[in-house]
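Participant: Protein sequence lines correspond, in order, to chains A and B. Residue numbers for the first sequence, in our numbering: 373 to 484. Residue numbers for the second sequence, in our numbering: 7 to 118. No residue lacks a Cβ here, since even glycine has one placed at the ideal position from N, Cα and C. Computed from a predicted model, the values in this text were never measured in an experiment. Next up is a structure, given as structure tokens.
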Amino acid sequence: GESVGLHLPTLSVQEGDNSIINCAYSNSASDYFIWYKQESGKGPQFIIDIRSNMDKRQGQRVTVLLNKTVKHLSLQIAATQPGDSAVYFCAENHNYGQNFVFGPGTRLSVLP
Amino acid sequence: NAGVTQTPKFQVLKTGQSMTLQCAQDMNHNSMYWYRQDPGMGLRLIYYSASEGTTDKGEVPNGYNVSRLNKREFSLRLESAAPSQTSVYFCASSRGTYNEQFFGPGTRLTVL
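What follows is the structure, given as structure tokens:
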């Protein structure tokens with residue numbers, strides 16, 4: 373079946389450290405991936421995206437890595453800050469349309 | 007720009023009652039979506055509208071209907087609410103198929 377999942381449901385990191393959030397996907401036809409951040413009581417917010425013709429994409433303090441061989445996606449956050457505390461979702465699109473499939477999410481807690 | 011707006015923010019219904027959730031976007035986006043999010047889970051697509059005048063079923067369409075009223079507005083209707091429809095509902099919009107989705111703040115719905 374098609375699924376997007378996360379290896380770690382919760383992640384706690386020290387402020388200033390780097391965070392790595394992982395995501396596995398099972399559909400090799402998936403060709404577009406997005407990471408979203410959701411703060412408590414709010415809607416998801418776009419962080420970064422990557423297409424399957426890329427292995428890496430960088431944004432401000434965030435990097436997404438895509439390993440198509442093992443169908444794995446990761447989000448790296450540099451110098452994690454208290455404001456990064458949230459639930460992070462990966463989502464994949466593989467139908468040349470609108471059917472994004474979301475993973476269950478990873479909660480990131482930043483310790484002072 | 008307000009982005010994506012949703013009304014109401016909260017709603018309590020009795021089993022069998024009907025209601026319509028409203029969504030509007032002011033970003034001139036072509037595509038709009040309705041998701042539901044249950045506790046501890048990711049988002050599941052209910053219905054989407056790739057462009058004005060079209061609607062399609064997502065992963066969990068049963069018990070719902072939608073209307074793309076115009077390019078700005080996309081409503082979700084529960085004809086006969088059931089306790090299983092207790093959830094947080096998010097509306098989103100995007101410029102096109104392979105573009106980031108912008109989410110509204112959500113509607114928290116409880117069906118007794």
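Please check if any C-beta of chain A sits within less than 9 Å of the C-beta of Asn28 (chain B).
Facilitator: Taking the second sequence and counting its residues from 1, the one referred to as residue 28 (chain B) is at position 22. Checking the sequence, you will find Gln at residue 28 (chain B) rather than Asn. By this cut-off, Gln28 (chain B) is not an interface position.
Participant: Find the nearest neighbour of Gln91 (chain B) within the set B:Gln12, B:Val10, B:Gly22, judged by alpha-carbon distance.
Facilitator: Stepping through the second sequence from its first residue, residue 91 (chain B) is reached at position 85. Nearest option by C-alpha distance: B:Gly22.
Participant: Between the region 402–417 of chain A and chain B, which residues of the former have a C-beta closer than 9 Å to a C-beta of the latter?
Facilitator: Flagged, chain order: Asp403, Tyr404, Ile406, Tyr408, Gln410, Gly413, Lys414, Gly415, Pro416, Gln417.
Participant: Would you say Asp456 (chain A) lies against chain B (beta-carbon separation less than 9 Å)?
Facilitator: As a position in the first sequence, residue 456 (chain A) is number 84, starting the count at 1. No, no contact with chain B.
Participant: Between B:Trp40, B:Met47, B:Arg78, which has its C-alpha nearest Asn68 (chain B)'s C-alpha?
Facilitator: The residue given as residue 68 (chain B) occupies position 62 in the second sequence. The shortest Cα separation from Asn68 (chain B) among B:Trp40, B:Met47, B:Arg78 belongs to B:Trp40.
Participant: Buried or exposed: where does Asn76 (chain B) fall if 16 or more other Cβ atoms within 10 Å of its Cβ makes it buried?
Facilitator: Numbered from 1 along the second sequence, position 70 holds the residue referred to as residue 76 (chain B). Result: exposed.
Participant: Can the beta-carbon of Ser412 (chain A) be found less than 9 Å from the beta-carbon of Leu480 (chain A)?
Facilitator: Start at 1 with the first residue of the first sequence, and residue 412 (chain A) comes out as number 40. Start at 1 with the first residue of the first sequence, and residue 480 (chain A) comes out as number 108. Against a cut-off of 9 Å, the Cβ pair of Leu480 (chain A) and Ser412 (chain A) comes out as no contact.
Participant: What is the rounded straight-line gap between the Cα of Gln432 (chain A) and the Cα of Ser424 (chain A)?
Facilitator: Translated into positions along the first sequence, residue 432 (chain A) becomes position 60. Translated into positions along the first sequence, residue 424 (chain A) becomes position 52. Approximately 21 Å, taken between the alpha carbons.
Participant: Rounding to the nearest angstrom, what Cα-Cα distance links Tyr104 (chain B) and Asn465 (chain A) in this structure?
Facilitator: For this step, residue 104 (chain B) is matched to residue 98 along the second sequence. For this step, residue 465 (chain A) is matched to residue 93 along the first sequence. Each residue's Cα considered, the two are about 8 Å apart.
Participant: Could you work out which residue in B:Ser37, B:Val18, B:Thr11 is closest to Gln107 (chain B) when comparing CA atoms only?
Facilitator: Here residue 107 (chain B) corresponds to residue number 101 of the second sequence, with the count starting at 1. Measuring from the Cα of Gln107 (chain B), the nearest candidate turns out to be B:Ser37.
Participant: Please return the same chain residues whose Cβ sits closer than 6 Å to the Cβ of Glu79 (chain B), not counting the five positions on each side in sequence.
Facilitator: For the purposes of this step, residue 79 (chain B) is taken as residue 73 along the second sequence, with counting starting at 1. Excluding sequence neighbours, Glu79 (chain B) sits near Ala30.
Participant: What do you get for Leu118 (chain B), buried or exposed, if any count of 16 or more other CB atoms within 10 angstroms of its CB means buried?
Facilitator: Locating residue 118 (chain B) in the second sequence gives position 112, counting from the first residue. With fewer than 16 Cβ atoms within 10 Å of its Cβ, Leu118 (chain B) is classed as exposed.
Participant: Where does Gln386 (chain A) fall in DSSP's three states?
Facilitator: What you label residue 386 (chain A) is simply residue 14 of the first sequence in a count that begins at 1. The answer is strand: DSSP assigns Gln386 (chain A) an E or B state.
Participant: Please check if any C-beta of chain B sits within less than 9 Å of the C-beta of His379 (chain A).
Facilitator: By one-based count along the first sequence, residue 379 (chain A) stands at place 7. Residue placement at His379 (chain A) cannot be trusted, given a pLDDT of 45 that sits under 50; what the coordinates show is reported in the next sentence. So, not an interface residue.
Participant: Taking the straight line between their C-alpha atoms, what separation do you get for Val72 (chain B) and Ala87 (chain B)?
Facilitator: Here residue 72 (chain B) refers to the residue found at position 66 of the second sequence. Here residue 87 (chain B) refers to the residue found at position 81 of the second sequence. In a straight line, the C-alpha of Val72 (chain B) is about 15 Å away from that of Ala87 (chain B).
Participant: Taking the straight line between their C-alpha atoms, what separation do you get for Lys409 (chain A) and Phe109 (chain B)?
Facilitator: Position 37 of the first sequence, counting from 1, holds the residue named residue 409 (chain A). Position 103 of the second sequence, counting from 1, holds the residue named residue 109 (chain B). About 11 Å.
Participant: Ordered along the chain, which non-local residues of its own chain (more than five positions away) have a Cβ less than 6 Å from that of Thr26 (chain B)?
Facilitator: The residue you call residue 26 (chain B) lines up with position 20 of the second sequence. Counting only Cβ-Cβ distances below 6 Å, and skipping sequence neighbours, we find Ser81, Arg83.
Participant: Please state whether DSSP places Ser391 (chain A) in a helix, a strand or coil.
Facilitator: Residue mapping note: residue 391 (chain A) aligns to position 19 of the first sequence, counting from 1. DSSP places Ser391 (chain A) in strand when its eight states are reduced to three.
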